[in-house]
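Trainee: Before anything else, here's the structure in question.
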Amino acid sequence: MGEMSEVGRLILLGAPLGNPADASARLREVLSSADVVAAEDTRRLTRLARDLDITVGGRIVSYFEGNEERRTPELVEAILGGYVVALVTDGGMPSVSDPGYRLVRATLDVGAPVTVAPGPSAVTTALAVSGLPCDRFCFEGFLPRTPGGRRSRLRALAAEERTLVFFEAPHRIGATLTDLADAFGADRPAALCRELTKTYEEVLRRPLGELARWAAEGDPRGEITLVVAGAPVTVPERPDDDTLRAAVAEREAAGRSRRDAITEVATEYALRRRDVYTIVHS
Numbered sequence: 644m645g646e647m648s649e650v651g652r653l654i655l656l657g658a659p660l661g662n663p664a665d666a667s668a669r670l671r672e673v674l675s676s677a678d679v680v681a682a683e684d685t686r687r688l689t690r691l692a693r694d695l696d697i698t699v700g701g702r703i704v705s706y707f708e709g710n711e712e713r714r715t716p717e718l719v720e721a722i723l724g725g726y727v728v729a730l731v732t733d734g735g736m737p738s739v740s741d742p743g744y745r746l747v748r749a750t751l752d753v754g755a756p757v758t759v760a761p762g763p764s765a766v767t768t769a770l771a772v773s774g775l776p777c778d779r780f781c782f783e784g785f786l787p788r789t790p791g792g793r794r795s796r797l798r799a800l801a802a803e804e805r806t807l808v809f810f811e812a813p814h815r816i817g818a819t820l821t822d823l824a825d826a827f828g829a830d831r832p833a834a835l836c837r838e839l840t841k842t843y844e845e846v847l848r849r850p851l852g853e854l855a856r857w858a859a860e861g862d863p864r865g866e867i868t869l870v871v872a873g874a875p876v877t878v879p880e881r882p883d884d885d886t887l888r889a890a891v892a893e894r895e896a897a898g899r900s901r902r903d904a905i906t907e908v909a910t911e912y913a914l915r916r917r918d919v920y921t922i923v924h925s
């Protein structure tokens, strides 16, 4: 590569999950104009460009889990040399359980700009069609591959009240669903989303126990995103007024201010602070 006078930049590209029609106009523009396109799978990139009827104008290099440590410094050097580097994965957003984080961090560390051409995400797509609460959620990505590690992680998540989103490989989904049913309860609502936006898209909205039996009886294929309802929110029973006063007094005796003591008690019993204040001062 020759020398250029200005610092370039890194552009993260949100690629279609499966349906090329989901590609944005900006994705097409950046793929056509970037000096370097780093792709998780160069063959998929070539196929995507053909489906979009565009020509990738810059140099195409591979950037995947096996070579990202070695290739990251090369791409950062190109950015510092004034080149525009675009990063695209097989589908969805780079860095989200896909290669990208290492390059983003390295680019920021040298003071070069990073921007994004937003696009599809399997996380939010599955969440939206799951039929489960979407106002609060957390993304857990891929669970540990070993049975012991997976079960330990799920035990730690069993009380999580937010909706959970996981990625899982088809050959492990049966064991994962069984472990989920054991840790969360067989009746916990869930949605298994398979091959999103593709020809054979399938969304199964069933309790974890039923999904585990479905997986055991069949041979799931394709890319899977699993959405699981959060743990039911338990509201403690409201104690009587004397108990509330005693709880506030106990905290005050321990060194809390009355204001903080009232706030803590109100939070613990899911009450309005004003109501606890009135009870304490009545």
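For the sequence shown, the working numbering gives the first residue as 644, with consecutive numbering after it. For glycine and all other residues, C-beta sits at the position ideal for the given N, C-alpha and C.
Based on the DSSP output, what are the partners of Ala833 in its beta bridges?
Mentor: Arg849 and Val871
Trainee: Rounded to whole angstroms, what is the Cα-Cα separation between Gly661 and Thr698?
Mentor: 19 Å
Trainee: Is the distance from the Cβ of Gly774 to the Cβ of Arg848 below 8 Å?
Mentor: yes
Trainee: Hey, how far is the Cα of Phe707 from the Cα of Pro716?
Mentor: 14 Å
Trainee: Please identify the residue among Asn710, Leu770 and Pro763 whose C-alpha is closest to the C-alpha of Gly743.
Mentor: Asn710
Trainee: Does Ser705 come out as helix, strand or coil in the three-state DSSP assignment?
Mentor: strand
Trainee: Could you tell me which of Val891, Glu895, Leu800 and Ala896 sits nearest to Ile922, measuring between CA atoms?
Mentor: Of the listed residues, the one whose Cα sits closest to Ile922 is Val891.
Trainee: Using only the alpha-carbon positions, how far apart do Ala729 and Leu655 sit?
Mentor: 6 Å
Trainee: So who's on the other strand from Leu718, going by DSSP bridges?
Mentor: Paired residue(s): none; Leu718 is not in a bridge.
Trainee: Take Asp741 as the anchor and find which of Lys841, Arg713, Gly657 and Phe827 has the nearest alpha-carbon.
Mentor: Gly657
Trainee: Would you report the Cα separation of Ser764 and Thr840, rounded to the nearest angstrom?
Mentor: Approximately 11 Å between the Cα atoms of the pair.
Trainee: Answer with buried or exposed for Asp822, where buried requires no fewer than 16 other C-beta atoms within 10 angstroms of its C-beta.
Mentor: With 16 or more neighbouring CB atoms inside 10 Å of its own CB, Asp822 falls in the buried class.
Trainee: Relative to the alpha-carbon of Gly865, which residue among His814, Asp918, Pro787 and Val908 has its alpha-carbon at the smallest distance?
Mentor: His814
Trainee: In chain order, which beta strand (DSSP E) runs of at least 3 residues are fully inside the region 705-775?
Mentor: 727-731 and 757-760
Trainee: Inspect the beta-carbon positions of Gly852 and Ala829 and report whether they are closer than 8 Å.
Mentor: yes
Trainee: Less than 8 Å between the CB atoms is what I'm expecting for Arg894 and Glu907, so what's the real figure, rounded?
Mentor: 6 Å
Trainee: When the distance is taken between beta carbons, is Glu804 closer than 8 Å to Val876?
Mentor: Going by C-beta atoms, Val876 is nearer than 8 Å to Glu804.
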